[in-house]
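Here the structure comes first, spelled out in structure tokens, and everything after it is commentary.
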Amino acid sequence: MTASANTKIARRALSFSAEGEAKAIRAAKALRPLLQKNAQIHHQIGEMTEEVVDAITNAGLHNLAVPSRWDGERLSSVALARVSAEIARGCPSTAWSVSITNSCAWMASQMKDSMQEAVFANGTPMLTSPQNGFGTLEVVEGGYLLTGRWSYGSNSHHAEYALLTGILEETQPVQCLVSINDVTRLDTWDVVGMRGSGSDTLVADKVFVPLEYACKMAAVVSAEGFSYEMEASDYWVVFPLLRAKALGVLVGTVEGLLDAVAAGANKPVVYTNYTARQDSGAFRAYIGEAATKIRTARTMMDSVNDVNDQSALKARHLSVDEAQHIRAEVALVIKLLSEASTTLMDLAGSSGFSESNMAQRYWLDFNVGSRHVVFNPYISFEAYGDHVLGRELSVLDELAV
58 MTASANTKIA RRALSFSAEG EAKAIRAAKA LRPLLQKNAQ IHHQIGEMTE EVVDAITNAG
118 LHNLAVPSRW DGERLSSVAL ARVSAEIARG CPSTAWSVSI TNSCAWMASQ MKDSMQEAVF
178 ANGTPMLTSP QNGFGTLEVV EGGYLLTGRW SYGSNSHHAE YALLTGILEE TQPVQCLVSI
238 NDVTRLDTWD VVGMRGSGSD TLVADKVFVP LEYACKMAAV VSAEGFSYEM EASDYWVVFP
298 LLRAKALGVL VGTVEGLLDA VAAGANKPVV YTNYTARQDS GAFRAYIGEA ATKIRTARTM
358 MDSVNDVNDQ SALKARHLSV DEAQHIRAEV ALVIKLLSEA STTLMDLAGS SGFSESNMAQ
418 RYWLDFNVGS RHVVFNPYIS FEAYGDHVLG RELSVLDELA V
């Protein structure tokens with residue numbers, strides 16, 4: 058079933074799919090051996106293998122945040138984070154790509170009718186939406202010519218469409234739906250971690266965007282641009298949602314690191330009398346401390362995502378207080394995970410940094426992924442400090458974007 062501009066969905070109680078969550082988590086867990094087998098390959102080639110892409114799409118793991126009007130799985134924010142965590146325990150780069158395409162699909166479901174129909178008419182496609190950069194829009198008959206350059210295009214190697222932001226009349230941001238075949242991808246993602254996400258740069262040179270494939274960003278953020286009956290996910294707020302649900306990738310990555318370090322617990326400790334690391338009380342204490350921080354991080358992950366969901370289920374958008382609490386608590390989760398990952402690599406020792414050791418890949422992926430600007434603890438704590446002190450925000454007001 059698909060929706061159309063002339064057919065409104067019948068009113069229904071707002072809900073998310075618990076059955077869909079259980080199904081997606083089972084699928085993610087079942088894929089772990091395949092993901093672990095391909096993770097180092099992803100790191101080397103800078104993208105997911107076709108085997109993994111096919112497995113992800115066949116399991117429907119790219120369709121999780123889409124509302125029921127487009128046959129989506131309509132998972133909650135809590136569930137999206139949990140699924141990402143399970144995927145990340147197998148391959149963090151894959152989890153990042155899957156999280157991104159689900160975020161983009163949700164964003165597409167907030168656009169005006171004609172854009173939703175274009176994206177979802179034949180099912181949910183793979184998507185990308187690099188936001189580091191802006192394009193310019195030239196008004197022409199029937200639409201615009203989009204020119205620009207956008208960095209950090211995660212999942213761009215496998216996407217069918219890109220959501221790109223262009224500026225109209227100097228100040229008005231407009232979201233444009235563009236076929237990936239109409240833009241050029243530059244190989245710029247030369248980093249030490251999350252390499253398999255293929256987060257390269259997209260370039261558009263006077264790409265024609267029909268009027269029906271462009272809408273003002275303000276309408277996307279407020280879900281005012283479409284005519285369909287509102288579903289629960291239509292009440293989510295962009296930045297608090299994307300930040301909280303993507304946290305699952307980082308939680309799962311450090312859980313994977315814990316798995317890798319714990320797997321080496323029977324290795325001897327050189328220059329000591331310990332024939333196994335786990336015979337050392339210090340090893341047990343520090344791995345216990347790290348595991349506690351990771352478990353606390355997962356609990357907080359569920360909590361901040363539940364704030365998004367409970368607000369949506371009440372058919373309201375987040376308050377300023379709620380959005381700022383999410384922002385600050387996500388930053389605290391990042392600090393907990395960073396501390397835990399450092400401790401775990403100390404326990405792994407120099408052998409943990411060997412190319413053949415999965416621990417170093419989890420560590421590298423976490424350290425790159427956690428530097429994404431939405432996770433920056435300094436910006437987030439500064440914003441929360443402004444809020445606590447009643448000051449005007451010195452950073453971006455995410456509820457006004």
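Counting from 58, one number per residue, gives the positions in the sequence shown under my numbering. Even glycine gets a Cβ: it sits at the ideal position worked out from N, Cα and C. Since this is a predicted model, take the numbers as computed values, not measurements.
Looking at the structure shown, is residue 58 part of a helix, part of a strand, or coil, going by DSSP? Within the sequence shown, residue 58 is the residue found at index 1, counting from 1. Any reading at residue 58 is ruled out, since the residue's pLDDT is 38, under 50, leaving its predicted position unreliable.
Residue 236: which of 191, 283, 182, 225 sits nearest, CA to CA? One-based indexing of the sequence shown puts residue 236 at position 179. For the residues 191, 283, 182, 225, the minimum Cα distance to residue 236 belongs to 182.
If I measure Cβ to Cβ from residue 64 and keep anything under 8 Å in the same chain, skipping five residues before and after, which residues do I get? Looking up residue 64 in the sequence shown gives position 7. Bear in mind that a pLDDT of 38 at residue 64, under 50, signals an unreliable position, so the number given afterwards is only what the model happens to contain. Result list for residue 64: empty, nothing under 8 Å.
Helix, strand or coil for residue 338, going by three-state DSSP, please let me know. In the sequence shown, counting from the first residue as 1, residue 338 sits at position 281. Residue 338: helix per DSSP, three-state reduction.
From what residue to what residue does the beta strand (DSSP E) around residue 25 run? Residue 25 is absent from the model: the chain starts at 58 and stops at 458.
Quick test of your reading: residue 81 and residue 136, contact by CB under 8 Å. State the CB separation rounded to the nearest angstrom. Counted from its first residue, the sequence shown places residue 81 at position 24. Counted from its first residue, the sequence shown places residue 136 at position 79. Yes, they are in contact, since the Cβ atoms of residue 81 and residue 136 sit about 7 Å apart, within 8 Å.
Does residue 261 come out as helix, strand or coil in the three-state DSSP assignment? In the sequence shown, the residue the question calls residue 261 occupies position 204. Correct three-state label for residue 261: strand.
Can you round the beta-carbon distance between residue 351 and residue 412 to whole angstroms, since I take them to be within the 8 Å contact cut? Working through the sequence shown from its first residue, we reach residue 351 at position 294. Working through the sequence shown from its first residue, we reach residue 412 at position 355. Residue 351 to residue 412, Cβ: 24 Å. No contact.
7 Å CB neighbourhood of residue 390 in its chain, flanking five on each side removed: The sequence position of residue 390 within the sequence shown is 333, counting from 1. Only 304, 354, 357, 358 meet the Cβ criterion.
Are the beta-carbon atoms of residue 158 and residue 215 separated by less than 9 Å? Locating residue 158 in the sequence shown gives position 101, where the first residue counts as 1. Locating residue 215 in the sequence shown gives position 158, where the first residue counts as 1. In contact: residue 158 and residue 215 (Cβ atoms closer than 9 Å).
Coarse secondary structure for residue 107, derived from DSSP in three states: As a working mapping, residue 107 is identified with position 50 in the sequence shown. DSSP places residue 107 in helix when its eight states are reduced to three.
Would you mind giving the Cβ-Cβ distance between residue 366 and residue 133, rounded to the nearest angstrom? I have them listed as a contact below 8 Å. For this step, residue 366 is matched to residue 309 along the sequence shown. For this step, residue 133 is matched to residue 76 along the sequence shown. Going by Cβ atoms, the distance from residue 366 to residue 133 rounds to 5 Å, so yes, they are a contact pair.
Three-state class that DSSP yields for residue 270 in the structure shown: To locate residue 270, count along the sequence shown from 1; it is residue 213. In the structure shown, residue 270 sits in a helix (DSSP, three-state: H, G or I).
To the nearest angstrom, how far is it from the Cα of residue 287 to the Cα of residue 222? What you label residue 287 is simply residue 230 of the sequence shown in a count that begins at 1. What you label residue 222 is simply residue 165 of the sequence shown in a count that begins at 1. In a straight line, the C-alpha of residue 287 is about 25 Å away from that of residue 222.
Nearest to residue 72 (by Cα), restricted to the options 106, 363, 109, 339: Position 15 of the sequence shown, counting from 1, holds the residue named residue 72. Among 106, 363, 109, 339, the Cα nearest to that of residue 72 belongs to 363.
Under 9 Å between C-beta atoms of residue 388 and residue 433: Here residue 388 refers to the residue found at position 331 when the sequence shown is read from its first residue. Here residue 433 refers to the residue found at position 376 when the sequence shown is read from its first residue. Their beta carbons are under 9 Å apart, which means residue 388 touches residue 433 by this criterion.
Of all the alpha helix (DSSP H) runs that stay within the bounds of the segment 361-430, which reach a length of 4 or more residues? 377-405, 415-426
Is the beta carbon of residue 233 closer than 9 Å to that of residue 285? Sequence index remark: in the sequence shown, residue 285 carries index 228 (1-based). Sequence index remark: in the sequence shown, residue 233 carries index 176 (1-based). Cβ distance not < 9 Å, so residue 285 and residue 233 don't count as in contact.
Using C-beta distances below 7 Å, list every residue in its chain close to residue 422, excluding the 5 sequence neighbours before and after it, in chain order. Position 365 of the sequence shown, counted from the first residue, corresponds to residue 422. Hits under 7 Å: 149, 150, 250, 251, 310.
How would you label residue 373, buried or exposed, when you count the other beta carbons within 10 angstroms and need 16 or more for buried? In the sequence shown, the residue the question calls residue 373 occupies position 316. Looking at its Cβ environment, which holds fewer than 16 other Cβ atoms inside 10 Å, residue 373 is exposed.
Do three or more CB pairs link the segment 175-191 to the segment 152-167 at distances below 8 Å? yes
Tell me which same chain residues have a C-beta within less than 7 Å of the C-beta of residue 424, skipping the five on either side of it? If you number the sequence shown from 1, residue 424 lands on position 367. Closer than 7 Å at the Cβ level, and outside the excluded window around residue 424, lie 250.
Segment limits, alpha helix (DSSP H) that includes residue 207: Numbered from its first residue, the sequence shown carries residue 207 at position 150. Where residue 207 is concerned, there is no enclosing alpha helix (DSSP H), although the beta strand (DSSP E) it sits in stretches over 200-210.
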